[in-house]
Amino acid sequence: MSPDPDPRHVIDGDVYVSPRHLAGSTAIGDPALAPLLDLGWDLRHDDLGNAYVNAPDRRIQLGYLPEGEDDGLWRINAYKDLFGPPTWGVCFNDSTPTEFVRAFTTALATAYEQGPAAYLARSAAGTDEHDPFVAITPLLKRGWNLDQPRRDVFAVRSPDRLACLEFITGDLDLQTELTSRTARWQLWAGTSIDRAAWYATASTDTPIALLTAVTECVSDPAPLPRWREDTASYVKGMAQLTPILPPAPTPLDVQRAAASRRPALITAPSVPRWSTTSRPALPGPRR
37 MSPDPDPRHV
47 IDGDVYVSPR
57 HLAGSTAIGD
67 PALAPLLDLG
77 WDLRHDDLGN
87 AYVNAPDRRI
97 QLGYLPEGED
107 DGLWRINAYK
117 DLFGPPTWGV
127 CFNDSTPTEF
137 VRAFTTALAT
147 AYEQGPAAYL
157 ARSAAGTDEH
167 DPFVAITPLL
177 KRGWNLDQPR
187 RDVFAVRSPD
197 RLACLEFITG
207 DLDLQTELTS
217 RTARWQLWAG
227 TSIDRAAWYA
237 TASTDTPIAL
247 LTAVTECVSD
257 PAPLPRWRED
267 TASYVKGMAQ
277 LTPILPPAPT
287 PLDVQRAAAS
297 RRPALITAPS
307 VPRWSTTSRP
317 ALPGPRR
């Protein structure tokens with residue numbers, strides 16, 4: 037019997053998808069919830085199977101909504117006033133690669149530990165925390181290109197032109213940003229914005245550091261693992277699929293395998309042995 041596989045070598049998938057913005061969702065929410073739950077945030081469920089995560093101060097709320105009213109699977113809102121409208125809101129739809137959502141929640145967990153100034157306060161104009169160029173810098177460094185697809189819209193497109201980050205200038209209504217795809221930021225992949233394979237939106241005043249964490253992850257050149265049978269709905273020949281090969285065995289793996297095949301030593305049963313010092317039995321008395 038072969039030894040148990042090293043958990044470091046177990047990859048959740050049988051193909052790598054490249055570029056990663058064509059990978060699609062894993063349909064598992066736990067990895068993206070983990071950074072917040074690790075901080076002790078409150079997790080609750082409703083009768084439909086939706087999950088709700090609240091920060092200890094209730095100023096950040098996350099909804100994981102597989103049974104929601106639309107395709108907005110992930111909704112994250114932050115509040116200065118607990119009884120007022122959100123200060124900012126972010127939405128990832130149900131086809132967004134889970135790794136991108138995790139990048140956001142990981143950065144959000146870090147910001148929450150730093151205090152309200154990191155996740156609520158509106159930064160002064162002219163600072164890096166408020167400069168949208170900071171969020172697109174990771175994309176530009178990795179070969180994405182500036183574009184202006186529509187009036188009052190600036191965009192950055194991936195080299196294959198199958199992913200795009202759009203930024204709308206001018207005034208926007210916050211309620212519209214929170215309830216539609218007309219938001220300050222929109223990130224999507226596909227052949228066009230109207231036929232996006234997945235999308236994410238972020239309203240005005242979403243912290244730039246959180247958006248930058250997502251653009252860093254989206255533009256990472258490393259492929260993402262997926263199960264081949266789950267790729268048909270979003271790849272459609274646009275992505276490169278590479279089989280995931282088992283890793284080369286380490287010296288320790290070889291040693292364990294050899295030990296598992298080595299036959300056990302057979303030990304002879306314990307029996308009494310004659311000794312040169314043994315005396316023959318004495319004859320019994322005659323009758």
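FYI, the numbering for the sequence shown is 37 to 323, going by my numbering. Beta carbons are placed, not taken as given, at the ideal position from N, Cα and C, and that holds for glycine.
Contact between CYS127 and ALA236 holds, since their C-beta atoms are separated by about 7 Å, short of 8 Å. Here PHE169 carries a helix assignment [DSSP, helix/strand/coil]. The three-state reading of DSSP puts ARG297 in helix, counting H, G and I together. Checking the DSSP bridge columns, you'll see CYS200 partnered with ARG193 and TRP224. Taking a contact as a CB-CB distance under 8 Å, the pair ARG56 and PRO279 does not count as one, their CB atoms being some 17 Å apart. For the pair of segments examined, the region 67-85 was found not to touch the region 197-209: the number of CB pairs separated by less than 8 Å stays below three.
Only exposed fits SER296, as fewer than 16 other CB atoms lie within 10 angstroms of its CB. Between the region 175-183 and the region 192-203 there are three or more inter-stretch CB-CB distances shorter than 8 Å, so the stretches are counted as touching. Secondary structure at LEU72: helix, using DSSP grouped into helix, strand and coil. Residue range 152-155 is occupied by the alpha helix (DSSP H) that includes ALA154. Taking each of ALA87, SER255, SER239 and GLN276 in turn and checking the Cα distance to ASN113, the smallest one comes out for SER239. Residue range 244-254 is occupied by the alpha helix (DSSP H) that includes ILE244.
In the three-state scheme derived from DSSP, where H, G and I count as helix and E and B as strand, TYR115 is classed as coil. DSSP places LEU281 outside both helix and strand once states are collapsed to three, so it counts as coil. With fewer than three CB-CB distances shorter than 8 Å, the region 217-236 does not count as touching the region 141-154.
The residue from TYR100, PHE140, LYS116 and ASN90 with its alpha-carbon nearest to that of CYS253 is PHE140.
Assignment of ILE96 by DSSP, reduced to helix, strand and coil, places it in the strand class. Segment contact: the region 91-100 against the region 61-77, three or more CB-CB distances shorter than 8 Å; contact assigned. By the CB criterion at 8 Å, THR242 and TRP110 fall outside the cutoff.
Pairing ARG95 with LEU156 gives a Cβ-Cβ distance under 8 Å. A residue is called buried when at least 16 other Cβ atoms come within 10 angstroms of its Cβ; ARG187 does not meet this threshold and is exposed.
The residues VAL189, ALA191 and GLN222, in chain order, have a CB closer than 6 Å to that of GLU202 in the same chain once the five nearest residues on each side in sequence are set aside. About 19 Å separates the beta carbons of ALA87 and PRO133, which is beyond the 8 Å limit, so they are not a contact pair.
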